[in-house]
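Number of protein chains: 2
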Amino acid sequence: MDIKDIDKVDNIIKRSRPIQAGEHIYRTGDGFTSIFAVRSGSIKTYLLDDDGVEQMTGFYLPGEILGFDGIGTEKHGCNVMAMETSTVCEIPFERIEELSLQIPVLQRHFFQLMSQQIEADHQMMLTLSKKNAEGRVATLLISLSRRFGRRNLSPNSLRLPMSRMDIGNFLGLTIETVSRTFSRLQKEGLIKVDGREIHINDHEQLRSICHAAK
Amino acid sequence: MDIKDIDKVDNIIKRSRPIQAGEHIYRTGDGFTSIFAVRSGSIKTYLLDDDGVEQMTGFYLPGEILGFDGIGTEKHGCNVMAMETSTVCEIPFERIEELSLQIPVLQRHFFQLMSQQIEADHQMMLTLSKKNAEGRVATLLISLSRRFGRRNLSPNSLRLPMSRMDIGNFLGLTIETVSRTFSRLQKEGLIKVDGREIHINDHEQLRSICHAAK
DNA sequence: CGCCCCATTGAGACGGCTCAACTTGCGTGG
DNA sequence: CCACGCAAGTTGAGCCGTCTCAATGGGGCG
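Protein chains in written order, with our numbering: chain L, 7 to 220; chain P, 7 to 220.
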């Protein structure tokens, strides 16, 4: 993309105000107008079905993009909440569509982003369907570590943006099982746990227990 | 879309030869060039990870579109196999991208299709994470019933295109549990099972046990 | 007919859930 | 300053649903 194109894209982005922990950016059923890029903080997305069951569908860190649900129906299909004070960029989707017609690489880029989301969701299906508690927790830690590393933060020392409850909800486990699993991994020396502070001692071994095994 | 546009789209579609049961359309790592629309038969997509663990990621029936994985990386991220003799239309993705620049509603349409795939995958995450065996099987049956109905087939009487093995793999259950669950639902009178032939006696009650409960 | 594959059914093992008690950190108010 | 309540996390004991292992029953096909 050349400078002029980047400028055009830049012009349609709205910088939004900070969002407080626990505040929603949008909810299921809200009209779909925009997608969002996380600038700081951390965001969770979750389904809330009729009988009140919650399913976390994703955690989003700075640099990541969310909101691709709801293009089909014009209504958002999930809830989006800040897990801590966060800022996001709002990107009006109609503008993106218009610009995409002029800038082919932009169109390609959004197809790619959505495709990546689909692949990530499929990996998550594998995790939920085929891994035991240790494998699920290890997979989450490796994922977070990689994403922290991409932002030039230490991949070995990280602060979990989410509660045990959220982790359990995301991974299909109870908070008790999450807690016990952290304790076990710590006892085995793979990680060091102090509340939300996690230190990864042995990446290799942690990665090895990500492999599916029920 | 006006007639001329429909014609343009029609011209880029390649009608492919029939594909035999068990034959692959593409595999993980193959270069991404096209998406596919199912014309007849039925198709399954699945991940195959390093240690040989398989995770079914979707079943596709006539009228449905697959292959949105791999746009990001230019390589397909899953395997795609015909479950019975099937025919598909191949739609070269570069052609779609070119046409989308000329026909805005086409671009919108593909964004919508991918968005719907994402929402369906999130629903599947909820199913895998929060439902017990009965709920998972019931959810699959309701989904198939709805999709058969959309094709003007009976929503009450359907022939499963996939084996018990595939169902178990998809739902994160063993074939034994799938089998036992079918038997239990039959004993309760909700469905009638005869191998792959399923008759749904009580839609209402079947739908009611789809609700999450572990 | 005999073989093989798929499906069904049973018995026992085990991982994660449920329920419950206890700890820790934090904010509020006396 | 401490007392108190509250929310989040940890740990233990027992239970339950699904997996594992094994035996048996068809159905299609050479």
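Glycine included, each C-beta is placed from N, C-alpha and C at the ideal position.
> If you draw a straight line from the alpha carbon of residue 201 of chain P to that of residue 61 of chain P, how long is it in whole angstroms?
Replying inline: 23 Å
> Using a beta-carbon distance below 8 Å, is residue 59 of chain L in contact with chain P?
Replying inline: yes
>> Quick check: is the beta carbon of residue 49 of chain L nearer than 8 Å to any beta carbon in chain P?
In response: no
> Closest Cβ-Cβ distance between residue 69 of chain L and chain P: below 8 Å?
Replying inline: no
> What are the boundary residues of the beta strand (DSSP E) that includes residue 61 of chain L?
Replying inline: 60 to 66
> What is the rounded straight-line gap between the Cα of residue 57 of chain P and the Cα of residue 220 of chain L?
Replying inline: 13 Å
>> Let's test the definition: count the other Cβ atoms within 10 Å of the Cβ of residue 20 of chain P and tell me whether it reaches 16, buried, or not, exposed.
In response: exposed
> Any contact of the region 133 to 145 of chain L with the region 99 to 107 of chain P, i.e. 3+ C-beta pairs under 8 Å?
Replying inline: no
> What is the rounded straight-line gap between the Cα of residue 35 of chain L and the Cα of residue 216 of chain P?
Replying inline: 21 Å
> Can you name the residues of chain P whose CB is closer than 8 Å to the CB of residue 136 of chain L?
Replying inline: 59, 61 and 178
>> I believe residue 27 of chain P touches residue 91 of chain P by the beta-carbon criterion, under 8 Å. Please report the beta-carbon distance rounded to the nearest angstrom.
In response: 6 Å
> Which residues, taken in chain order from the region 130 to 160 of chain P, show a beta carbon closer than 7 Å to some beta carbon of chain L?
Replying inline: 130, 131, 132, 134, 135 and 136
>> Contact defined as beta carbons within less than 8 Å: I believe residue 63 of chain P pairs with residue 84 of chain P. What is the distance between those atoms, to the nearest angstrom?
In response: 6 Å
>> Residues of the region 92 to 120 of chain L in Cβ contact with chain P at a cutoff of 7 Å, in chain order, please.
In response: 103, 106, 107, 110, 113, 114, 117, 118 and 120
>> Which complete alpha helix (DSSP H) runs does the region 103 to 131 of chain P hold, if anything under 4 residues is left out?
In response: none
>> For a test of the three-state rule: what should DSSP assign to residue 182 of chain L, helix, strand or coil?
In response: helix
> Can you name, in chain order, every residue of its own chain whose Cβ lies under 6 Å from the Cβ of residue 184 of chain L, other than the five neighbours on each side?
Replying inline: 170, 173 and 174
> What is the rounded straight-line gap between the Cα of residue 13 of chain P and the Cα of residue 113 of chain P?
Replying inline: 16 Å
>> Quick check on residue 92 of chain P: does DSSP put it in helix, strand or coil?
In response: strand
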